[in-house]
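*Asks:*
Residue numbers (the UniProt record's numbering): 1 to 285.
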């Protein structure tokens, strides 16, 4: 590793089935983009990729490799020359790869044929930033080896980057519940817009009302506190501040604040690419 940007981690499909141990699934925040990167280089679905957050990533190759970069459209360079994303890219010994921050979105995925190797914990090579399971975030001078999780050569060698929405706000579909009864007016969630707070990360997306908004935050009913209960991936939890939190891949598995809605799978992918300052609107669907 020559540079890793704000955050670069090893991610695969995660470690499902361990919530009873207090361990979230973790894994790639944008599972769709991670899966596409693996398909482009002919890997098995559970091969580990590098998840790059907000660019600033560069690395040098020792040996030869076939890689692919997916996620939001971004600038990918080999030895300083633009090579494009969302396609299979052969690298020769000594060549350098760099990935810049995307103009829209925040997380890109780098796959290498064979997958990046790391010691599995609870069946996964994923870095869980909340529990500390898995390999630590990547740092300068780290060296990664390539595994053997390749499959047949891919039928698809090129895929278009995701389309960039033209709406002024990212629309997230939710299914209400299970704790809407804990709010005085749960309908306020879908009224007006919310704005992504800079404190957002792989654990969750924190939302505030924009400074120009006349809409109030969500208000709890005056009820006894909830006992801690299970929290789902994509759950929208409302702390006493009234500012919602959307739980992402490294979310806690239990919580004591009410979960008032859950994102649909497609909207969870969109939420994983939200960046500070983005405008968000919820719809029921």
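By construction, the Cβ of each residue, glycine as well, lies at the ideal position given by its N, Cα and C atoms. Owing to the predicted nature of the structure, the values given are computational and were not obtained by experimental measurement.
1) Using 9 Å as the threshold, is the C-beta distance between residue 129 and residue 202 below it?
2) Specify the secondary structure class of residue 36 as computed by DSSP and reduced to three states.
3) Should residue 247 and residue 174 be called a contact, given that it needs their Cβ atoms to be closer than 9 Å?
4) Taking the continuous alpha helix (DSSP H) assigned at residue 267, which residues delimit it?
5) If you drop the 5 nearest sequence neighbours on each side, which residues of the same chain put their C-beta closer than 7 Å to that of residue 273?
6) For the beta strand (DSSP E) containing residue 282, name the first residue and the last one.
7) Which first and last residues belong to the beta strand (DSSP E) in which residue 49 is found?
8) Beta-carbon of residue 113 versus every beta-carbon of chain D: anything under 9 Å?
9) Tell me whether residue 64 is buried or exposed, calling it buried when 16 or more other Cβ atoms sit within 10 Å of its Cβ.
10) Helix, strand or coil: how does DSSP classify residue 163 here?
11) Expressed to the nearest angstrom, what Euclidean distance is found between the alpha-carbon atoms of residue 215 and residue 192?
12) For the ligand NAP, any of its heavy atoms closer than 8 Å to the Cβ of residue 277?
13) If we count the other Cβ atoms within 10 Å of its Cβ and call it buried at 16 or more, is residue 45 buried or exposed?
14) Can you list, in chain order, the residues of its chain whose CB lies under 8 Å from that of residue 93, leaving out five sequence neighbours each side?
15) Can you list, in chain order, the stretches of the beta strand (DSSP E) that have 3 or more residues and sit fully within the stretch 191-225?
16) CB-CB under 8 Å to residue 233, same chain, minus the five flanking residues each way: which ones, in chain order?
17) Measuring alpha carbon to alpha carbon, tell me which residue in 242, 210, 188 and 187 is nearest residue 198.
18) Excluding sequence positions up to five away, which residues of its chain have a Cβ less than 6 Å from the Cβ of residue 98?
19) Count Cβ pairs between the stretch 255-269 and the stretch 224-239 that sit closer than 8 Å; are there 3 or more?
20) Quick check on residue 243: does DSSP put it in helix, strand or coil?
21) Which residues in the same chain have their Cβ closer than 6 Å to the Cβ of residue 145, if we skip the five residues on either side of it in sequence?
22) So, residue 42 versus residue 5, is the Cβ gap smaller than 9 Å?
23) Given residue 184, which residues of its chain have a CB within under 7 Å of its CB, disregarding the five upstream and five downstream residues?
*Replies:* Checking against the coordinates, here is how it stands:
1) yes
2) helix
3) Judged by their CB atoms, residue 247 and residue 174 are not nearer to each other than the 9 Å cut-off.
4) That run of the alpha helix (DSSP H) goes 265-272.
5) 30, 72, 105, 106 and 107
6) 279-284
7) 49-53 is the span of the beta strand (DSSP E), which, as asked, contains residue 49.
8) The chain labelled as chain D is not found in the depicted structure, where only one protein chain is given.
9) Classification of residue 64: exposed, given that the 10 Å Cβ count is below 16.
10) coil
11) 7 Å
12) Because no ligand of any kind appears in the structure shown, any question about the ligand NAP cannot be addressed here.
13) exposed
14) 61, 62, 63 and 64
15) List check, beta strand (DSSP E) in window: 194-196 and 204-208.
16) 24, 25, 247, 248, 249, 251 and 268
17) 210
18) 58 and 77
19) Touching, per the Cβ criterion.
20) Residue state, collapsed to three classes: coil.
21) The answer, listed in chain order, is 117.
22) A distance of 9 Å or more separates the beta carbons of residue 42 and residue 5.
23) Correct list, in chain order: 219 and 221.
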